[in-house]
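Asks: Got a structure for you, written out below as structure tokens; questions coming shortly.
Protein chains: 4
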Amino acid sequence: MRTKDEQKRKALIEATVKLVNEIGFAASSVSKIAKEANVSPSTLYVFFKNKEDLLVSTYVEIKMELSRAMLNDFDDALPIRDILRNVWFSAFKYISNNLEYYQFIEQFANSPYSELVDREALEEHFIPLIEVLHRGIAHKIIKDVDRNLLAAFLFHPLSFLANPRLCHDWQLNAQELETAFDMAWDAIKL
Amino acid sequence: MRTKDEQKRKALIEATVKLVNEIGFAASSVSKIAKEANVSPSTLYVFFKNKEDLLVSTYVEIKMELSRAMLNDFDDALPIRDILRNVWFSAFKYISNNLEYYQFIEQFANSPYSELVDREALEEHFIPLIEVLHRGIAHKIIKDVDRNLLAAFLFHPLSFLANPRLCHDWQLNAQELETAFDMAWDAIKL
Amino acid sequence: MRTKDEQKRKALIEATVKLVNEIGFAASSVSKIAKEANVSPSTLYVFFKNKEDLLVSTYVEIKMELSRAMLNDFDDALPIRDILRNVWFSAFKYISNNLEYYQFIEQFANSPYSELVDREALEEHFIPLIEVLHRGIAHKIIKDVDRNLLAAFLFHPLSFLANPRLCHDWQLNAQELETAFDMAWDAIKL
Amino acid sequence: MRTKDEQKRKALIEATVKLVNEIGFAASSVSKIAKEANVSPSTLYVFFKNKEDLLVSTYVEIKMELSRAMLNDFDDALPIRDILRNVWFSAFKYISNNLEYYQFIEQFANSPYSELVDREALEEHFIPLIEVLHRGIAHKIIKDVDRNLLAAFLFHPLSFLANPRLCHDWQLNAQELETAFDMAWDAIKL
DNA sequence: GATGAATGAGTGTTCATTCAT
DNA sequence: CATGAATGAACACTCATTCAT
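Which chain is which? The protein sequence lines are U, V, X and F, in order.
Per our numbering, the first sequence starts with residue 1, numbered consecutively.
Per our numbering, the second sequence starts with residue 191, numbered consecutively.
Per our numbering, the third sequence starts with residue 381, numbered consecutively.
Per our numbering, the fourth sequence starts with residue 571, numbered consecutively.
Below you can see the structure in the form of structure tokens.
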């Protein structure tokens, strides 16, 4: 028996991201993805149950990587503003360095495919972050509002600013990035 | 000679929105859309050049309606904060009342189809709003930053909060909506 | 609008019979059938819902033709033996002249596809025949046994004798056919 | 060195019968058969040259078992009618107890696969039976007709009566079985 | 002996679009 | 204007089989 070639799985995920970004879900056929990954279309089915499974797996894998990147240098000992600043900059860095991945998950999240994902399992990874927000509220540093509202101002502007598909012809420089975080902080701080 | 039946065009647009939201671009075939609109697939080609034209036209039509709704009660005489508040609430109202439309344009904007749209033509409608921001900057009421940054904090959180596909299991009530605008204003005000 | 071409439907049915007889259900792919019928595979779906529908429709169509042929010169006024003799010979004639059709329905009836057919609708056509058997029983001409038993000896030997797939290297001649009917009659007569 | 595991061969034959009866030749893929037999698809090729070989072998194996069962208590010393009666009842018993096997060989015999079988080798097993018929003819007990005709009335009705796929919603009871044999005998006796 | 990985060829079906009416 | 018939191209997926282990 041969052993399963993990490189092929990886190549399929990469090819999926590339093609979906370039031509969208609609046009990203199994055979095109397989060709891009240099495997036979039938080989795809050795690694994934079907096309849907491939797409969802790709999404979950990237989302996990993003959450890992964001919480990479998470340090509970720092002041709350610094913790959030670190997460914010880590997120921006990951997105900037992995724009393709990021555009894929944005497109995915806005499509009906998003309903196929086990959201709770993914949210688990953000628990430390959510706890920081709660602490901020308790310490009267952050506004006492629903965490969806906090997330809306803390991270959603970032996702817009970092995504060239939405924010055309404009790139944040280092200083503007700092300004952007200040604005986010102004929005949520008490 | 009958005139092109405008009702059929409308029905096709509606059917497109409905199906794309439910099953995505990939699965929304011309024949399914035609069936949903109660016309023959070939009739679709009387109104639209092809499938792509149908999708782009649908997007543009909704986007125009949205901009009209947002600037509906635009009154240059009001204080800047009030102008923006009105626009903000109008936007929220339109999105809430036309969630299907809104989800469609979000899904569209995050897909490669978005590149087919004449962005500048659409942006024209927002010129009065952009001018208000410039005035705010000139009057030292609003932070002197790129208008993309202002938009990121003024409108993007709203798009997240109003979209149940992104912001699950949570709905803004009237008071939280007010709080949300306050947060947006805190972010952009000097 | 073009009008549906009934010849194409007929060609598809013929092609189905031919191929299924030659290579079996397993190997009779939609594309092979379409090619044999000189239409595009997709055209097949204009006339039939799917492959299963094509196969079942083919079966039902032949079965109807067979029943019509068997009861063609049915004459209730004749003595019972003569009625059955006429049906018997009509059946033999139809089978001999349409061996391909007959082999198809035999193969179909012995496959799991047979469960998809509305048997009762088909049996309706044989009601006059069944009534003759009942009359024969009432008049003490035919054995008083279940009609399945009568059918088993009246028609099933015929289906074996006429089917070269089962009864190899042997063909009934006119005199043997007469003998065969005598044997059937011996089996069922009182 | 392990010896070829005869249990696995048996399991593959059983799985073939089961699946072909349930879903037909067309849908009975090698991998489904292997899964049903709890072996790997490639293991199948240790025991059989290919799929065709598996199907033909299954047929031959069952046909042999059937012939053995029919001639099990064959006793040349008995009167001809009793010999045939014994064979008839043995056949009925085997079919009733092994309906799955029987339906498989009927489906097989009515398919083009049947041409792949060495018929003569199989017929050899029925030689004693054929000789009894010849003796019956010589003794003026049985009609002097081709043996195919005799078989048609002696065994073919049985195959219809015992096969629920053909003879729906009706089961022979012990007495009717006796009647059935009487009818067969009436057909062939002089 | 036995098996899971791997695949080219092929499956049934739907696609976007055109055509004749 | 509006449509159902028709289709080549493509779809997602499974096939029988081989290969390395």
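For every residue, glycine included, the Cβ atom is placed at its ideal position computed from N, Cα and C.
Could you give the first and the last residue of the continuous alpha helix (DSSP H) run that contains arginine 147(U)?
Replies: That run of the alpha helix (DSSP H) goes 147-154.
Asks: What does valine 145(U) touch in chain V if you count any residue whose Cβ is under 9 Å from its own?
Replies: Here the neighbours are Glu366, Thr369, Ala370 and Met373.
Asks: Please go through the same chain and pick out, in chain order, the residues whose beta-carbon is closer than 7 Å to the beta-carbon of arginine 461(X), but skip the five residues on each side of it.
Replies: Around arginine 461(X): Trp565.
Asks: Let me check understanding here. Comparing Cα to Cα, which of Val60(U), Phe104(U), Ala11(U) and Ala27(U) lies closest to serine 159(U)?
Replies: Here the closest residue by C-alpha is Phe104(U).
Asks: Taking only the alpha-carbon atoms, compute the straight-line gap between phenylalanine 181(U) and histidine 315(V) and give it to the nearest angstrom.
Replies: Spanning the two alpha carbons is a distance of roughly 29 Å.
Asks: Would you say the segment 16-35 of chain U touches the segment 215-224 of chain V, given that touching needs at least three Cβ pairs under 8 Å?
Replies: Short answer: they touch.
Asks: Quick check: the Cα distance between methionine 64(U) and glutamate 310(V), rounded to an integer number of angstroms?
Replies: Distance between the alpha carbons of methionine 64(U) and glutamate 310(V): 36 Å.
Asks: Quick one, are the C-beta atoms of phenylalanine 723(F) and phenylalanine 533(X) less than 8 Å apart?
Replies: A contact, by the Cβ cut-off of 8 Å.
Asks: Given that a residue counts as buried once 16 or more other Cβ atoms are within 10 Å of its Cβ, and exposed if not, what is methionine 373(V)?
Replies: Buried: at least 16 other Cβ atoms inside 10 Å.
Asks: With 16 as the cutoff for other CB atoms within 10 Å, does glutamine 175(U) come out buried or exposed?
Replies: So glutamine 175(U) counts as exposed.
Asks: How about isoleucine 130(U) and arginine 147(U): are their beta carbons less than 8 Å apart?
Replies: In contact: isoleucine 130(U) and arginine 147(U) (Cβ atoms closer than 8 Å).
Asks: Against chain U, does tyrosine 292(V) count as a neighbour if the rule is that its beta carbon must be under 8 Å from one of theirs?
Replies: Answer no: the Cβ-Cβ gap between tyrosine 292(V) and chain U never drops below 8 Å.
Asks: I need the DSSP call for isoleucine 331(V), collapsed to helix, strand or coil.
Replies: In the structure shown, isoleucine 331(V) sits in coil (DSSP, three-state: anything other than H, G, I, E or B).
Asks: Using a beta-carbon distance cut-off of less than 9 Å, what residues from the segment 577-594 of chain F approach chain X?
Replies: From the segment 577-594 of chain F, only Val590, Asn591, Glu592, Ile593 and Gly594 have a Cβ closer than 9 Å to chain X.
Asks: Starting from valine 630(F), trace the alpha helix (DSSP H) both ways and give me its first and last residue.
Replies: Where valine 630(F) is concerned, the enclosing alpha helix (DSSP H) stretches over 621-640.
Asks: If the cut-off is 8 Å on Cβ atoms, which residues from the segment 273-298 of chain V count as contacting chain U, listed in chain order?
Replies: Listed in sequence order: Gln293, Glu296 and Gln297.
Asks: By the three-class DSSP mapping on this structure, what secondary structure does lysine 412(X) have?
Replies: The answer is helix: DSSP assigns lysine 412(X) an H, G or I state.
Asks: So the alpha helix (DSSP H) threonine 586(F) belongs to, where does it begin and stop?
Replies: Its alpha helix (DSSP H) spans residues 576-597.
Asks: How many angstroms separate the CA atom of serine 494(X) from the CA atom of glutamine 487(X)?
Replies: Going by the C-alpha atoms only, they are around 9 Å apart.
Asks: Please decide whether serine 301(V) counts as near chain U, where near means a Cβ-Cβ distance under 8 Å.
Replies: Closer than 8 Å to some Cβ of chain U, the Cβ of serine 301(V) qualifies, so yes.
Asks: Nearest to leucine 351(V) by CA position, among Leu149(U), Gln171(U), Pro157(U) and Ala162(U), is which residue?
Replies: Among Leu149(U), Gln171(U), Pro157(U) and Ala162(U), the Cα nearest to that of leucine 351(V) is on Leu149(U).
Asks: Please decide whether proline 157(U) counts as near chain V, where near means a Cβ-Cβ distance under 8 Å.
Replies: Chain V contact via Cβ: present.
Asks: Given a cut-off of 8 Å, decide if isoleucine 331(V) and leucine 380(V) are closer than it, judged by their beta-carbon atoms.
Replies: Their beta carbons are under 8 Å apart, which means leucine 380(V) touches isoleucine 331(V) by this criterion.
Asks: When Cβ atoms are compared, which residues of the segment 602-621 of chain F fall closer than 8 Å to chain X?
Replies: The residues in question: there are none.
Asks: So, is alanine 708(F) buried or exposed, given that buried needs 16 or more other C-beta atoms within 10 angstroms?
Replies: With fewer than 16 Cβ atoms within 10 Å of its Cβ, alanine 708(F) is classed as exposed.
Asks: Enumerate in chain order the residues of its own chain whose CB-to-CB distance from alanine 757(F) is below 6 Å, with the five nearest sequence positions on each side excluded.
Replies: Closer than 6 Å at Cβ, skipping near neighbours: Phe723.
Asks: In terms of residues, what are the limits of the alpha helix (DSSP H) holding tryptophan 185(U)?
Replies: Counting along the chain, the alpha helix (DSSP H) containing tryptophan 185(U) begins and ends at 174-188.
Asks: Whole alpha helix (DSSP H) runs in the segment 257-289 of chain V with 4 or more residues, listed along the chain?
Replies: The qualifying runs are 270-287.
Asks: What residue does the alpha helix (DSSP H) around leucine 44(U) start on, and which one ends it?
Replies: Here the alpha helix (DSSP H) through leucine 44(U) covers 41-47.
Asks: Reducing DSSP to helix, strand and coil, say where proline 544(X) ends up.
Replies: Residue state, collapsed to three classes: coil.
Asks: Relative to the C-alpha of glutamate 6(U), which residue among Leu54(U), Phe47(U) and Val20(U) is closest?
Replies: Closest by alpha carbon: Phe47(U).
Asks: Go ahead and label serine 491(X) buried or exposed: buried means 16 or more other beta carbons lie within 10 angstroms of its beta carbon, across all protein chains shown.
Replies: With 16 or more other Cβ atoms within 10 Å, it is buried.
Asks: Which chain U residues sit within Cβ distance under 7 Å of aspartate 376(V)?
Replies: The contacting residues are Asp186 and Ala187.
Asks: Answer with yes or no whether the minimum CB distance from methionine 191(V) to chain U is below 8 Å.
Replies: Low confidence applies here, because methionine 191(V) scores a pLDDT of 41, under 50, leaving its location unreliable; read the following figure in that light. Chain U, which has no Cβ nearer than 8 Å to the Cβ of methionine 191(V), makes this no.
Asks: Quick check on the DSSP output: the alpha helix (DSSP H) that includes arginine 689(F) runs from which residue to which?
Replies: From DSSP, the alpha helix (DSSP H) with arginine 689(F) extends over 689-693.
Asks: With distance defined between alpha-carbon atoms, name the residue in Ser637(F), Leu692(F) and Glu622(F) nearest to valine 590(F).
Replies: Checking every option, the nearest Cα to that of valine 590(F) belongs to Glu622(F).
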